[in-house]
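Taken in sequence, the protein lines are chains A and B.
Position one of the first sequence corresponds to residue 1 (this note's numbering), numbered consecutively onward.
Position one of the second sequence corresponds to residue 639 (this note's numbering), numbered consecutively onward.
Everything on this sheet refers to the single structure shown next.
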Amino acid sequence: MKRQIQLALVAIFLCVSLKISAQDATILQAIILDSTLTKDANAIIRSEDVVIQINSINSITVKTKRIVTVLNKLGNRHADSYEPYDPDTKIKKVQAIVYNAFGSEIKKFKKKDFHDRSMYDGFSLIGDNRFIYFDHTPISYPYTLVYESEVETKNSAFIEPWFPISNYHVSLESASYKVINPQRISLRTKEKGFEEYPVELLDGDQEITYRLVKVPALKKEYMSPPLSKIVPLGKVTLDSFSLVNVQGSAKDWKTMGKWQYNNLVSGRDKLPESTIQNISKLVGGASSTKEKVKIIYEYVQDKTRYISVQLGIGGWMPMLAEDVDRLGYGDCKALTNYTKALLDSQNIESYYTIVYGDSDKRDIDSEFASMQGNHVILNIPENEQDIWLECTSQTTPFGFIAGFTDDRNVLVVKPEGGEIKRTKKYLPDENSLKAKAKVYVKSDKSIVGDIEMISGGIQYGDRYETKNEPVKDQKLHYKEYWDYINNLNISSMQLDDDKDAIEYTEKLEVSATNYATKAGNRLLIIPNVFNRYTYKMPKYDDRKTPLVISRGFVDEDVYEIHIPEGYSMGTLPEKKVEESDFGSYSYQLEKLNERQLKFTRKLIIKDGTYPKEKYEEYRQFMSKIRKTDKSKIVLKQQ
Amino acid sequence: MGKLVVWGLGVFLLFSSSVFAQKYKFGKVSKEELQEKSYPLDSSANAAVLYESRKVDYIYNSQGFHLITEVFKRIKIYNKEGFDYATEEISLYKRNSDQEKVMSLKGITYSLVNGEIKETKLKKDGIFNSEVSEYFDEIKFTMPALQEGSVIEYKYRIESPFVANIDRVYLQHEIPAKKIEVVIKAPEYFNFKKFSTGYLPIDLEEVKYSDKFNYRTESRLIAGLNGGRVKGSSHVVEYQGTKYIINSEDVPALKLEPYSGNTQNYISSMVFELSFVSFPNSPIENFSTTWEAVTKTIYESSNFGGELKKSNYYEDDLNQLVSGISDPIKKTAAIYNFVKQKMNWNKVYSVSAAKGVKKAYKEGTGSSGDINLILTSMLSSANIDANPVIVSSSSKVISLFPTRNGFDYVITRVKLPNGNIFYLDATDKYGLPNILPDRVVRGRGRVIAKNGTSQALTFRPTKPSSNRYSIQCELNSEGEVNGKFSVHHLDYLAHGFRVRNGVKSDESNVKRLEKKYEINDLQNYKVSGVKEYGKGVNERFDFSLEDQSEVIEDEIFFSPLLFLRDKENVFKSDERIYPVDYGYPFSNKYMINIKVPEGYEVTEIPKSGSFSLPDNMGKFVYRSNVANGVIQLVVNETINNSMISAEDYFVLKEFYNQVIQKENEQVVLKKI
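Structure below.
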């Protein structure tokens, strides 16, 4: 339900469009390749050279030459085949040549051989980003592609960063990045992750150069940090810049925020008098500011929907509040600005806030002021406690941001300047799932039962949207959720979304034939009917990256299990308790009487980043849980 | 008494609806429509088409005939989930200077505000035009001021110079529709073939009509005795035509289901294809009529038959390839393997040579048409009885009528002197004679002989492809199982393996198997036969299992199929509208030997038995035995039909339930 703005795209496409250079002709042959670079690799970047020339704050030229040897079918996507552009960006030169393994030219694509398409970003109704591309069908592997382009843009608010290792399973033979600044326009740089790699850094009078050679391909590991946090990243930004013909200057977040406020946000908040009167009436009875904000937020949810239109400066500036008022739609910028305008009309202070929306908790870099972010939310400072509003969703509860914009640094845009703040973190206790169930095991191997699950926090966020699905899909959802129970039949469902308490209650009546297995005169059942951890984590002999548990949670399950007439339960296994740095687990079966037993399970997982050595410990912890969760008990016929 | 009243009312309502049938006029949305809270026939609908009208007509102007399509839709939005249906995209074709245009676009959103109808007009700032590619423009708009319960209306006209193409007429949507009216007026000059798709009845009426148009001749100079300037003149031309009228009411929403194949084959629609054009005083221009004519047109077209005849570009290669080979099978294999290796498919589906065979051959890449016409031509030149087979691939709507647009692909058929037939597709690197890629095996074909005759074909094999599994293992008293696993993938299952895993490293194959079978320690993985086409693919590994058995007191419990047992029934839904499409029949055969630990005896073992699907559609056989402390198991699970109809869905679902149940039955070992 949450969508992003053009900012993200520009950043992504800039990364993708990094292309580079090499003169040596021997590089074009691919018969003899360095085995350290072919290991785990689908493609090798033989050389990548980017030269960025800052002609003025209205003109930046980017020359790219990139030579990629593709080793197999999976490597094809790393051979450049397209170049993006927009109304302010001109592709001055583009060319691609394909060489076979022996280094002989087999195909050349000139600019006229490229096709021109509009870029569909996956969520916008319309945008003015376009790209040109060529079609190439590889006829054998390995082959080498030499891609060269020269692009000039009037936008200097973004300078494409240096991100030489931008994919898994791609090795790097050589990469260089040079920023030439003949006018000596004041600029700032930031280097991250340069220590772990042999990066060469040359900081000259008019030039900055980064260089890196011989990096073997990386493999993605389960629960590892995002790639951008474990590889070198160089960023460059100008203190004075131009964005779709709007000039700006900023050295730090305060001045950057002020510029954004003055040039992109302010003065777009006029509302029709009738709307203001209507809002005043609506909030008239409210006693507290928070209550008023909630009424206004729900009014916006009711009145508007998300439609993204990204044209020209509209990719950066919100639509006018009065247009949103009339049309009833807008993107994240527009809907946030509209909500802000409504709050302003009631003299409630609120701020337009720029954020990276994703599940990875990506921060706005607090130490490096530049155009960042891909999404906009609204901040209301209320009695020292911030309220954060996601304005693009019609269903999100008031103040709920779990999963997409929680626990990260954001830029709050205030008239007096920008301010970096951290959004709310959802603690394990809040991300809870509490389940109570009654299960009747029948002698025909079937079970019948009812369950009530109450979820909060992140777990609420993962679940509440099922309420809006058709009944048929809801039933299918539960069948998938408990995919290990065959022949599951959902006889009734009662779903209750308490948006005020942010609590989702699922009450179900279910049954399943053949739940128990028969072995002669015994019935085998798995007492943990409704909450099994089933994922088998991969094992690494040589884990390279830290373990990241991005969000913690607490699950508590209590079931009353009734056994069939004519069977006895014998001795039950002992209580199992597992403690670890990552949390704790307990599993217990208690005999209540001859016909009835009580199953109790509690799992606490704590979020955090743990050193790579800890991964195996975590895997073993989860693997014990997985085994215990599916353990059986035997019921004997008397 | 009460019952009677209700019954009477029902009749009255039925009666009244037919007498006072609602008229739908743009701008006249009723309060009742705005007040409706949910769609009466399907309460799960988030939105519904209240009315849709589509009128297609040919209009004559100074440039000749034009195709005019007028669209009017009224849509009810019940809730927020339905807001997506307030955005419309119109795709507009263009070629050279000719292009389709949208005219007179109007839209209104209606909402109830305090009991009053509030109207908001669609304005220019809500309409967006974009260039998608050199062939298509797109107009998008989204309706303003939507609320839950709103009704939206829009209408527009598309003017098209492409008179041969009437767009496919959809009579069903993702949301239900109360009423859809379609009128297509075709002047006598344009003759159409029509075919329908879907599971819903279509009420089509054909009515003759007459109309006229003004035809103006230009003024011109004529030489000669009586020459001079002849004034342009205007003539009235009267003509007859056929009106196709479709009235659909209460159309249910199209539901998507797993394993359905191409859902475009199930949506209710009508396709009108121009078969010939015949203007007075002009020769008839044929597009298609019978299968023979269709195939003839294709065969005679320069980029099909013409390309097939070319041979000089490969002559040298061919001579070298077949020199000294006289056996037709060997010759066929040599040529097929050569083309398969040399040519690389560029993912373009085409019946004819898209690039041209010469260019494709030189570059080593081409479309299905380029590659398989090269193959057919080379085989024919080498005196093999080879013919092209035109194919409706699985991504194409199955053509029910003779129509040229019904095909999008071509393969090759070889008839050997002993009467055996090979179907060959050289676009598929993993293909074999009679082992065709999924896109072809799920499609349909038509073979074209050199004399122009044709014959319909399906490619689905009748013999099940099989996976043969075997496990040799030992169980110890801790409940751990150690042993060896091997599987042979044969025929289509070998092909599937090659397509999915052919280029994968051993390491990623190990990962895949560890994940699939939930095995911790998978050792000594070996795969063989991946490149030996014509044989099966074999995978083997050693394993050690800790969690496949349960040791409780002095007993050990486990399923003798171990990690090979099916755990989950993929058929979960309680209903099914479309057939289940497996692509090809298949069987899984398991042979398992488990050595029981010393000091233990087998006290329980699942009984031997079998059960079947009706009409020999499928069978499950389970045989168990204990001999010399070894549990022996032979299990065979076969599906004989590549497609199973929706009517048989429940028996199929139940069949799998029973399979899972049987495969999960436990062996009990007891300490002696």
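Beta carbons: idealized from backbone N, C-alpha and C, even for Gly.
Determine the extent of the alpha helix (DSSP H) in which residue 541 of chain A is found, giving its start and end residues.
Within the first sequence, numbered from 1, the residue matching residue 541 of chain A stands at position 541. Note, residue 541 of chain A: premise wrong, no alpha helix (DSSP H); not H, not E.
Who does residue 745 of chain B pair with in a DSSP beta bridge?
Within the second sequence, the letter at position 107 stands for residue 745 of chain B. Per DSSP, B:792.
Would residue 1280 of chain B and residue 1216 of chain B qualify as a contact pair, given that the criterion is a beta-carbon distance under 8 Å?
If you number the second sequence from 1, residue 1280 of chain B lands on position 642. If you number the second sequence from 1, residue 1216 of chain B lands on position 578. No, these two residues do not count as a Cβ contact at 8 Å.
Is there a Cβ from chain E that is less than 8 Å from the Cβ of residue 104 of chain A?
Within the model displayed, chain E is absent; protein chains A and B are what it includes.
Three Cβ pairs or more, each shorter than 8 Å: is that satisfied between the segment 46–53 of chain A and the segment 160–179 of chain A?
These segments touch.
Quick check: residue 784 of chain B and residue 747 of chain B, are their CB atoms within less than 8 Å of each other?
Residue 784 of chain B sits at position 146 when you count from the first residue of the second sequence. Residue 747 of chain B sits at position 109 when you count from the first residue of the second sequence. Their beta carbons are under 8 Å apart, which means residue 784 of chain B touches residue 747 of chain B by this criterion.
For residue 115 of chain A, which residues in chain B fall below 9 Å Cβ to Cβ?
Your numbering for residue 115 of chain A matches position 115 in the first sequence. Correct list: 771 and 772.
In the DSSP assignment, find the unbroken alpha helix (DSSP H) run with residue 409 of chain A in it and report its ends.
As a first step, residue 409 of chain A is located in the first sequence; it is residue number 409 there, counting from the start. Element bounds for residue 409 of chain A: not the alpha helix (DSSP H) but the beta strand (DSSP E), 409–414.
Can you tell me whether residue 265 of chain A is buried or exposed, with buried defined as 16 or more other CB within 10 angstroms of its CB?
Within the first sequence, residue 265 of chain A is the residue found at index 265, counting from 1. Residue 265 of chain A is buried by the Cβ-count criterion.
State whether the segment 292–308 of chain A contacts the segment 324–342 of chain A, with contact taken as three or more CB pairs (one from each stretch) at a distance under 8 Å.
Segments in contact, yes.
Rounded to a whole number of angstroms, what is the C-alpha to C-alpha distance between residue 162 of chain A and residue 232 of chain A?
The residue you call residue 162 of chain A lines up with position 162 of the first sequence. The residue you call residue 232 of chain A lines up with position 232 of the first sequence. Near 8 Å, if we compare the C-alpha coordinates of residue 232 of chain A and residue 162 of chain A.
Do the CB positions of residue 818 of chain B and residue 690 of chain B come within less than 8 Å of each other?
By one-based count along the second sequence, residue 818 of chain B stands at place 180. By one-based count along the second sequence, residue 690 of chain B stands at place 52. In contact: residue 818 of chain B and residue 690 of chain B (Cβ atoms closer than 8 Å).
Compute the Euclidean distance between the alpha carbons of residue 1303 of chain B and residue 1262 of chain B, then round it to the nearest angstrom.
Looking up residue 1303 of chain B in the second sequence gives position 665. Looking up residue 1262 of chain B in the second sequence gives position 624. Taking the straight line from one Cα to the other gives about 12 Å.
Identify whether residue 855 of chain B lies in helix, strand or coil by the three-state DSSP scheme.
Numbered from 1 along the second sequence, position 217 holds the residue referred to as residue 855 of chain B. Three-state result, residue 855 of chain B: coil.
Could you run through the segment 732–746 of chain B and flag, in chain order, every residue whose CB is less than 9 Å away from some CB of chain A?
Flagged: no residues at all.
Look up residue 1078 of chain B in the DSSP assignment and say whether it is helix, strand or coil.
Here residue 1078 of chain B is taken as the residue at index 440 of the second sequence, counted from 1. Reduced to three states, the DSSP call for residue 1078 of chain B is helix.
Should the segment 664–678 of chain B be called in touch with the segment 787–796 of chain B, which here means at least 3 C-beta pairs below 8 Å?
At 8 Å Cβ cutoff, the stretches touch.
For residue 170 of chain A, which option in A:38, A:395, A:315 and A:576 has the closest C-alpha, if you only look at C-alpha atoms?
Sequence index remark: in the first sequence, residue 170 of chain A carries index 170 (1-based). Taking only the C-alpha atoms, the option nearest residue 170 of chain A is A:38.
Which two residues bound the contiguous alpha helix (DSSP H) that contains residue 586 of chain B?
Only positions 639 to 1310 of chain B appear in this structure, which leaves residue 586 of chain B out of reach.
Look at the alpha carbon of residue 275 of chain A and the alpha carbon of residue 235 of chain A, and state the distance between them as a whole number of angstroms.
The sequence position of residue 275 of chain A within the first sequence is 275, counting from 1. The sequence position of residue 235 of chain A within the first sequence is 235, counting from 1. Answer to the nearest angstrom: the Cα atoms are 44 Å apart.
Go through its chain and collect everything with a Cβ distance to residue 730 of chain B's Cβ below 6 Å, but skip five positions before and after it.
Position 92 of the second sequence, counted from the first residue, corresponds to residue 730 of chain B. Counting only Cβ-Cβ distances below 6 Å, and skipping sequence neighbours, we find 738 and 775.
Do you know offhand how far residue 391 of chain A's Cα is from residue 329 of chain A's?
Reading the first sequence from its first residue, position 391 is the one you call residue 391 of chain A. Reading the first sequence from its first residue, position 329 is the one you call residue 329 of chain A. Approximately 11 Å, taken between the alpha carbons.
Can you give me, in chain order, the residues of the segment 510–542 of chain A that have a beta carbon less than 8 Å from any beta carbon in chain B?
Listed by position along the chain: 513, 514, 517, 518, 519, 520, 522, 524, 536, 538 and 539.
If you follow the beta strand (DSSP E) that residue 471 of chain A is part of, which residue opens it and which one closes it?
As a working note, residue 471 of chain A is residue 471 in the first sequence. That residue, residue 471 of chain A, is in no beta strand (DSSP E); its alpha helix (DSSP H) goes 471–481.
Closest to residue 460 of chain A by C-alpha separation, out of A:381, A:554, A:423 and A:289, would be which residue?
One-based indexing of the first sequence puts residue 460 of chain A at position 460. Here the closest residue by C-alpha is A:554.
Compare the beta carbon distance of residue 189 of chain A and residue 208 of chain A with 8 Å and say whether it is the shorter of the two.
By 1-based counting over the first sequence, the position of residue 189 of chain A is 189. By 1-based counting over the first sequence, the position of residue 208 of chain A is 208. Yes.
Would residue 1185 of chain B count as contacting chain A if we go by Cβ distances under 8 Å?
By 1-based counting over the second sequence, the position of residue 1185 of chain B is 547. Yes, residue 1185 of chain B counts as interfacial toward chain A.
Keeping to the same chain, check which residues put their C-beta closer than 7 Å to that of residue 164 of chain A; ignore five residues upstream and five downstream.
The sequence position of residue 164 of chain A within the first sequence is 164, counting from 1. Around residue 164 of chain A: 48, 172, 175, 212 and 232.
At least one CB of chain B closer than 8 Å to the CB of residue 342 of chain A: is that the case?
Position 342 of the first sequence, counting from 1, holds the residue named residue 342 of chain A. No, residue 342 of chain A does not count as interfacial toward chain B.
Helix or strand or just coil, what does DSSP make of residue 195 of chain A?
Indexing the first sequence from 1 puts residue 195 of chain A at position 195. Coil at residue 195 of chain A, not helix or strand.
Using a 10 Å radius around the Cβ and a threshold of 16 neighbouring Cβ atoms, would you call residue 518 of chain A buried or exposed?
By 1-based counting over the first sequence, the position of residue 518 of chain A is 518. Counting Cβ neighbours within 10 Å, residue 518 of chain A comes out buried, since at least 16 surround it.
Give, in chain order, every residue of the segment 392–419 of chain A whose Cβ lies closer than 8 Å to some Cβ of chain B.
Those residues of the segment 392–419 of chain A that come within reach of chain B (Cβ to Cβ, closer than 8 Å) are 394 and 395.
Can you give me the start and stop residues for the alpha helix (DSSP H) that residue 316 of chain A sits inside?
The sequence position of residue 316 of chain A within the first sequence is 316, counting from 1. No alpha helix (DSSP H) contains residue 316 of chain A, which DSSP labels as neither H nor E.
Might you give, ordered along the chain, the residues of its own chain that have their beta carbon closer than 6 Å to the beta carbon of residue 438 of chain A, omitting 5 neighbours on each side?
Start at 1 with the first residue of the first sequence, and residue 438 of chain A comes out as number 438. Taken in chain order, the residues that qualify are 449, 450 and 560.
For residue 414 of chain A, which option in A:464, A:254 and A:616 has the closest C-alpha, if you only look at C-alpha atoms?
Counting from 1 along the first sequence, the entry for residue 414 of chain A is found at position 414. Looking at the Cα atoms, A:254 is the closest of the given residues.
Straight-line CA distance for residue 1276 of chain B to residue 1079 of chain B?
As a position in the second sequence, residue 1276 of chain B is number 638, starting the count at 1. As a position in the second sequence, residue 1079 of chain B is number 441, starting the count at 1. Each residue's alpha carbon lies about 19 Å from the other.
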